[in-house]
Every structure is written in C-alpha cells, then in structure tokens.
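Residue numbers (the working numbering): 5 to 355.
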C-alpha cells in the first residue's frame with residue numbers, strides 16, 4: 005500500500021530508493037546541465053540532530069510521510085509548521101541522511117535577511133582593493149611592456165574569485181540528485197522575503213548580474229565561483245539553472261501568515277509536539293534501544309498536561325534523560341530534582 009513512498013522515516017540510509025523516484029511532472033522539469041561533482045556527505049549538523057535511529061520506531065505517522073513524499077514527487081517546497089521542538093528542522097536532516105542526498109544546506113532567517121543573502125554574495129570592496137594593489141605593483145615595473153604583462157597576469161581577471169553562492173544559490177546548482185535546503189524560521193523574515201522567494205521557487209534559476217554583464221567577452225563565458233559547501237563550480241552565462249529541483253524544507257513557528265501565492269506553491273505539513281511513537285523514536289535514537297522504557301517517569305512528566313504553561317520543547321526531555329543518567333543514576337530523589345529543574349514550560353523558565 006505504501007510502496008510508492010521514497011522517504012519512509014525509518015532512520016537507516018536507503019539511497020537506492022531515490023532511483024525509484026519518477027521523472028518530475030512536466031511543469032516542474034528544469035533544463036540545467038548537471039555538474040559532475042557529488043554533494044558532500046552529511047556532516048555533524050545532521051548527526052547531532054539524528055542520533056542513531058536504526059531499530060527505533062518510525063519518526064512520522066502515515067499522513068506526514070505522505071505529505072513529505074508528495075513534496076518529493078512534485079518537486080515542491082515543504083512548508084513545515086509547529087511549535088518549537090516539534091522536529092521541523094530535524095526533518096530536513098533525516099531526509100538527506102536516509103536518501104543519501106548529502107550535506108543539508110542551511111539558511112537561518114532573521115528579520116534582516118534578504119533574498120540575495122541566500123543566493124550569493126559579491127565582495128566588491130575586496131575586488132577593488134586587490135585591483136589597487138595590482139596597479140601599484142604594475143607602476144613599479146620599469147618597462148611599460150612588462151607593466152602590461154604584470155597587470156594582465158596578476159589582475160583578478162575572474163570576478164568569480166569574489167562571488168560566493170549562498171545556501172539557496174548552491175541548492176539551485178544543476179545536479180543529478182536534489183540537494184536538501186533548510187530555510188529555517190521563515191516567519192521571522194521581513195515582510196517582503198516570502199514574496200521575493202516566489203520567482204526562484206517557481207523558475208528554479210537566478211542570475212548573477214556581475215557575471216551576466218561580462219558573459220559575452222572572450223574567456224568570460226564560464227566563471228568559477230565558490231559554493232556554500234566550500235567547493236568551486238563553473239557558472240555559464242551568469243545564470244544558475246537547476247536540473248533536479250532541491251528538496252526545500254521551510255519551517256515556521258506560526259508567528260505570522262504567509263502570502264497565498266507562496267502557500268499555493270508549497271506542500272503544507274503541520275507537526276504536533278512529539279508523543280507516543282515519535283517521542284519513543286527520538287529517545288531511542290539518542291540513547292539506544294529500550295531507553296524510552298527506562299525513562300518512563302521522565303517521559304510522563306514531559307507529556308503531562310497540567311495547564312502550567314503547556315509548551316515544553318523536546319530538548320528539555322533529552323537534557324533531563326542525559327543528566328539524570330550521569331548525575332542521579334542510583335538516587336531517585338536526585339533524579340526527581342533534576343527533572344523538576346529541567347522539564348518546565350517555557351513561560352515558567354523565562355520568569
């Protein structure tokens with residue numbers, strides 16, 4: 005019944021399942037020529053969040069898995085909403101790890117974030133300073149011919165030396181397999197950013213005007229730039245055009261509403277605070293098989309509904325389990341004291 009699911013949330017790596025993903029629908033097919041370089045492997049940002057999920061219960065229910073896979077099939081962004089600590093950001097890392105899609109590209113959003121911050125940066129001041137140094141050195145060469153040769157040899161002819169692609173720009177590089185991009189806490193952005201994202205999300209490409217204006221010059225058709233991964237890749241004609249649309253996870257804590265045109269382009273998934281199997285999966289992933297059974301008292305305190313503030317991020321539970329294991333292994337009284345100290349509603353902790 006669920007044979008169509010590519011991502012299954014079981015935790016173990018299963019990169020071969022990406023071969024089962026059918027071609028994109030015609031309206032989501034893009035024409036970028038794939039680059040030969042594979043994505044870097046997942047890094048500590050993923051392993052810190054995921055733990056070791058092999059053998060743990062599934063991390064998501066059937067409805068969540070269907071929505072995640074719908075976004076994967078349709079090449080649409082996944083808008084994930086929910087309270088802090090409900091696993092929104094971790095989802096992006098889980099998908100990248102299970103499907104072998106490499107390091108997660110992370111774009112944390114703040115109130116000052118603009119679209120260009122995610123696409124690329126251009127160090128115009130650094131380029132000007134380097135050009136001035138070259139001119140100074142060239143003037144010290146006595147022979148005019150040697151001066152011209154020195155200028156041609158040493159000048160930063162490739163503007164690409166001063167351009168670095170951001171997380172969004174790197175995700176849109178053409179590749180055989182999609183990259184995973186986490187746009188974290190989009191609801192904290194300036195009011196314009198969600199609308200600014202629309203064209204990039206729809207078209208799967210963007211231009212770099214600094215490269216476009218010189219693309220018709222001999223030797224400037226292809227320029228090497230730095231990526232968010234720290235690699236150098238070629239950009240032709242001053243445009244980046246994707247081949248496989250990235251798997252984009254946008255997270256929101258529900259602090260604002262988004263414009264309808266953006267919502268229309270996304271698959272919406274709401275994550276409730278983890279309970280039952282999801283909570284057991286999280287605990288076992290970080291502390292081993294059976295850890296949920298061994299810490300039923302702490303889990304019960306964490307999930308207790310007593311009207312004292314409601315919101316308890318799951319990292320409070322993980323912190324309490326870790327600390328009681330090391331500081332109160334044989335002292336039930338100390339265990340209760342530590343649990344009382346750490347597992348509190350956010351509203352109480354902030355007073």
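Beta carbons are placed, not taken as given, at the ideal position from N, Cα and C, and that holds for glycine. The structure presented is a predicted model; accordingly, all values stated were derived computationally and were not measured.
Query                                                                                                                                                                  : Result
Spatial neighbours of residue 26 within its chain, please: C-beta separation below 8 angstroms, excluding the five flanking residues on both sides.                    : 77
I believe residue 176 touches residue 113 by the beta-carbon criterion, under 8 angstroms. Please report the beta-carbon distance rounded to the nearest angstrom.     : Between residue 113 and residue 176 the Cβ distance is about 17 angstroms, and since that is not below 8 angstroms, they are no contact.
Near residue 199, which residues of its chain fall below 6 angstroms by C-beta distance, leaving aside the five closest residues on each side in sequence?             : 263
For residue 171, does the three-state DSSP call read helix, strand or coil?                                                                                            : helix
Could you check whether the Cβ of residue 342 sits closer than 7 angstroms to any heavy atom belonging to the ligand MN?                                               : This structure lacks the ligand MN, and indeed carries no ligand of any kind.
Quick check on DSSP: helix, strand or coil for residue 112?                                                                                                            : strand
Does the segment 242–252 touch the segment 202–215, meaning 3 or more C-beta pairs lie closer than 8 angstroms?                                                        : yes
Going by DSSP, what residues sit across from residue 254 in a beta bridge?                                                                                             : 83, 187
Assuming contact is defined by CB atoms lying nearer than 8 angstroms, are residue 168 and residue 229 in contact in what I supplied?                                  : yes
Mind pulling the beta strand (DSSP E) runs of 3 or more residues that sit fully within the segment 264–324?                                                            : 271–275
Going along the chain, which residues of its own chain have a beta-carbon closer than 6 angstroms to the beta-carbon of residue 44, five neighbours each way excluded? : 106, 107, 233
State the Cα-Cα distance for the pair residue 213 and residue 242, rounded to the nearest angstrom.                                                                    : 7 angstroms
What did DSSP end up calling residue 19 once you bin it into helix, strand or coil?                                                                                    : helix
Could you check what DSSP says for residue 159 in three-state terms: helix, strand or coil?                                                                            : Confidence is the limiting factor: at residue 159 the pLDDT is only 39, short of 50, which leaves the residue's position unreliable and the question unanswerable from this model.
Quick one: what's got a C-beta closer than 7 angstroms to residue 56's C-beta in the same chain, skipping five residues either side?                                   : 289
For residue 254, which option in 327, 39, 217, 172 has the closest C-alpha, if you only look at C-alpha atoms?                                                         : 172
Leaving out five residues before and five after residue 156 in sequence, what residues of the same chain have Cβ atoms less than 7 angstroms from its Cβ?              : Bear in mind that a pLDDT of 45 at residue 156, under 50, signals an unreliable position, so the number given afterwards is only what the model happens to contain. The answer is none, since no qualifying residue turns up.
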